[in-house]
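*Asks:* First the structure, which I've put down as structure tokens, then a few questions once you've had a look.
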Amino acid sequence: MSRHDTITRGCWILVGLFPIGVALWLMILLVGQGIPSLSWSFLLDEPVHAGRAGGIAPMLVSTTALLGLALLTAAPLALPLAVWHRTVTDKRARNRHDALIDTLAAVPSICWGLAGYVLLVRGAGFGFSLLAGGLTLGAMILPTLVRLWSDALADLPDGQVEAGRALGLTPFQQALHIWLPASAGSLLIGMLAALARAAAETAALLFTSGYASRMPASVFDSGRALSVHILDLAMNVPGGDQAAAGSALVLLTAVLLFAALLRPKHHSTRKVSL
11 MSRHDTITRG
21 CWILVGLFPI
31 GVALWLMILL
41 VGQGIPSLSW
51 SFLLDEPVHA
61 GRAGGIAPML
71 VSTTALLGLA
81 LLTAAPLALP
91 LAVWHRTVTD
101 KRARNRHDAL
111 IDTLAAVPSI
121 CWGLAGYVLL
131 VRGAGFGFSL
141 LAGGLTLGAM
151 ILPTLVRLWS
161 DALADLPDGQ
171 VEAGRALGLT
181 PFQQALHIWL
191 PASAGSLLIG
201 MLAALARAAA
211 ETAALLFTSG
221 YASRMPASVF
231 DSGRALSVHI
241 LDLAMNVPGG
251 DQAAAGSALV
261 LLTAVLLFAA
271 LLRPKHHSTR
281 KVSL
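For the sequence shown, the working numbering gives the first residue as 11, with consecutive numbering after it.
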């Protein structure tokens with residue numbers, strides 16, 4: 011290898027390591043500032059003094075409710091669309107479908123939030139509520155979920171698809187008895203990836219779920235997601251930096267847990283019954 015190639019390779023390595031180093035540095039700062047806040051009371055108590063003290067229990071409950079509502083909204087729509095994508099034979103129709111899904115997936119989250127505010131908060135009369143936030147999140151992750159699940163079904167061996175056709179099964183029967191059981195692992199991975207995106211969402215929830223820091227009693231109550239709580243502590247609450255760092259550390263741990271669950275990309279190979 012020539013001297014020029016060695017220098018070029020070294021420069022590219024440095025370019026690649028720089029963002030990794032910055033990310034690690036920020037994580038070290040976050041861990042150092044956030045760990046003193048972590049305790050069981052921090053996870054189980056309600057916030058006091060505008061979040062400077064107390065805990066984040068209402069935010070954890072609100073975030074869990076928002077993710078559950080988002081999944082209940084997106085999954086029943088994403089699965090039939092993914093199955094249709096697997097069965098359609100018209101290449102032009104499939105390309106148009108792909109273009110539409112990719113375009114929707116690229117829409118900024120704040121646009122989804124504004125749409126949710128107009129259609130759900132004001133139009134449907136839900137007000138600032140977990141229901142409005144969950145439905146908005148569900149619409150936002152729907153294109154991502156459709157794309158991931160379509161790719162999961164597309165990875166199925168052609169032999170399994172041809173076997174179902176040879177047995178005279180309808181596309182619905184093939185999906186129910188062959189495709190879904192055979193790709194269960196990949197479908198779960200796609201679901202976790204979509205939830206990981208939703209868990210860190212802030213912009214869309216600012217316009218839909220609201221700021222209320224109390225424990226929600228129902229999906230019609232306003233609820234503050236953990237990401238919104240972090241933003242509020244960092245931007246609007248003097249002296250809330252340590253609580254913001256602790257909350258961010260909890261959110262980062264949750265997202266990393268999702269990433270850890272995504273890591274073993276194994277596909278289910280169990281036998282399916284026809």
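All residues carry an ideal CB built from backbone N, CA and C; glycine is no exception.
Quantities reported herein were computed from a predicted structural model and do not represent experimental measurements.
Any idea which residues DSSP pairs V58 with across the strands?
*Replies:* Stepping through the sequence shown from its first residue, residue 58 is reached at position 48. BP columns for V58 point to A63.
*Asks:* Terminal residues of the continuous alpha helix (DSSP H) containing L130?
*Replies:* On the sequence shown, position 120 is the one that residue 130 refers to. First-last for L130: undefined, no H or E at that position.
*Asks:* So, helix, strand or coil for S93, using DSSP?
*Replies:* To locate residue 93, count along the sequence shown from 1; it is residue 83. Reading off the sequence, residue 93 comes out as Val, not Ser. In the structure shown, V93 sits in a helix (DSSP, three-state: H, G or I).
*Asks:* Is it buried or exposed, W122, if we count other Cβ atoms within 10 angstroms and call 16 or more buried?
*Replies:* Position 112 of the sequence shown, counted from the first residue, corresponds to residue 122. Buried: at least 16 other Cβ atoms inside 10 Å.
*Asks:* Report the start-end ranges of each alpha helix (DSSP H) in the segment 176-245 that is 4 residues or longer and not cut off at the edges.
*Replies:* Listed in chain order, the complete alpha helix (DSSP H) runs (minimum 4 residues) inside the segment 176-245 are 181-184, 194-209 and 213-216.
*Asks:* Using the C-alpha atoms, what's the distance from T74 back to L261?
*Replies:* Here residue 261 refers to the residue found at position 251 of the sequence shown. Here residue 74 refers to the residue found at position 64 of the sequence shown. Taking the straight line from one Cα to the other gives about 12 Å.
*Asks:* If contacts are defined as beta-carbon pairs under 8 Å, then I66 and S257 qualify, I think. What distance do you get, rounded to the angstrom?
*Replies:* In the sequence shown, counting from the first residue as 1, residue 66 sits at position 56. In the sequence shown, counting from the first residue as 1, residue 257 sits at position 247. Indeed they touch by this definition, with Cβ atoms about 6 Å apart.
*Asks:* What are the boundary residues of the alpha helix (DSSP H) that includes D100?
*Replies:* The residue given as residue 100 occupies position 90 in the sequence shown. It is not in any alpha helix (DSSP H) - D100 carries neither H nor E in the DSSP assignment.
*Asks:* Output yes or no for whether 9 Å exceeds the beta carbon distance between A269 and A194.
*Replies:* As a first step, residue 269 must be located in the sequence shown, where it is residue number 259. As a first step, residue 194 must be located in the sequence shown, where it is residue number 184. No, the Cβ-Cβ distance between A269 and A194 is not below 9 Å.
*Asks:* My output table needs one value for P29: the three-state DSSP class, helix, strand or coil.
*Replies:* Working through the sequence shown from its first residue, we reach residue 29 at position 19. DSSP places P29 in helix when its eight states are reduced to three.
*Asks:* Unbroken alpha helix (DSSP H) runs of length 4 or more, entirely within the segment 148-177: which are they?
*Replies:* Counting only runs of 4 or more, we get 168-176.
*Asks:* Given this structure, state the Cα-to-Cα distance separating A85 from Q252, to the nearest angstrom.
*Replies:* Start at 1 with the first residue of the sequence shown, and residue 85 comes out as number 75. Start at 1 with the first residue of the sequence shown, and residue 252 comes out as number 242. A85 and Q252: Cα-Cα distance of roughly 37 Å.
*Asks:* When the Cα of F138 is compared with those of L243, L124, A149 and G20, which residue comes out closest?
*Replies:* Reading the sequence shown from its first residue, position 128 is the one you call residue 138. For F138, the nearest C-alpha among the options comes from L124.
*Asks:* Considering only C-alpha positions, which residue in the set M37, V32 and A164 is nearest to L91?
*Replies:* The residue labelled residue 91 in the question sits at position 81 within the sequence shown. The candidate whose alpha carbon is nearest that of L91 is A164.
*Asks:* Given 8 Å as the limit, is there contact between the segment 146-155 and the segment 77-84, that is, 3 or more CB pairs closer than that?
*Replies:* Cβ pair count under 8 Å is three or more, so yes.
*Asks:* Just mark L27 as buried or exposed, buried being the case when its beta carbon has 16 or more other beta carbons within 10 Å.
*Replies:* Here residue 27 refers to the residue found at position 17 of the sequence shown. The residue in question, L27, is exposed, as its Cβ has fewer than 16 Cβ neighbours within 10 Å.
*Asks:* If we count Cβ pairs, one from each stretch, closer than 8 Å, do we get three or more for the segment 50-69 versus the segment 224-236?
*Replies:* Segments in contact, yes.
*Asks:* Could you compute how far the alpha carbon of H187 sits from the alpha carbon of V156?
*Replies:* Taking the first residue of the sequence shown as position 1, residue 187 is located at position 177. Taking the first residue of the sequence shown as position 1, residue 156 is located at position 146. Approximately 20 Å, taken between the alpha carbons.
*Asks:* Use the C-beta contact count for L172: other C-beta atoms within 10 angstroms, 16 or more gives buried, fewer gives exposed.
*Replies:* Counting from 1 along the sequence shown, the entry for residue 172 is found at position 162. It is Glu, not Leu, that sits at residue 172 in the sequence shown. With fewer than 16 Cβ atoms within 10 Å of its Cβ, E172 is classed as exposed.
*Asks:* Relative to the C-alpha of A255, which candidate in E211, G169 and A244 has its C-alpha closest?
*Replies:* Within the sequence shown, the letter at position 245 stands for residue 255. The shortest C-alpha separation from A255 is found at A244.
*Asks:* For L166 versus R104, is the C-beta distance shorter than 9 Å?
*Replies:* Position 156 of the sequence shown, counted from the start, is the residue given in the question as residue 166. Position 94 of the sequence shown, counted from the start, is the residue given in the question as residue 104. The answer is no: Cβ separation not under 9 Å.
*Asks:* Cutting at 6 Å between CB atoms, please list the residues of its own chain near G220, excluding the five before and the five after it.
*Replies:* Numbered from its first residue, the sequence shown carries residue 220 at position 210. The residues are F138 and S232.
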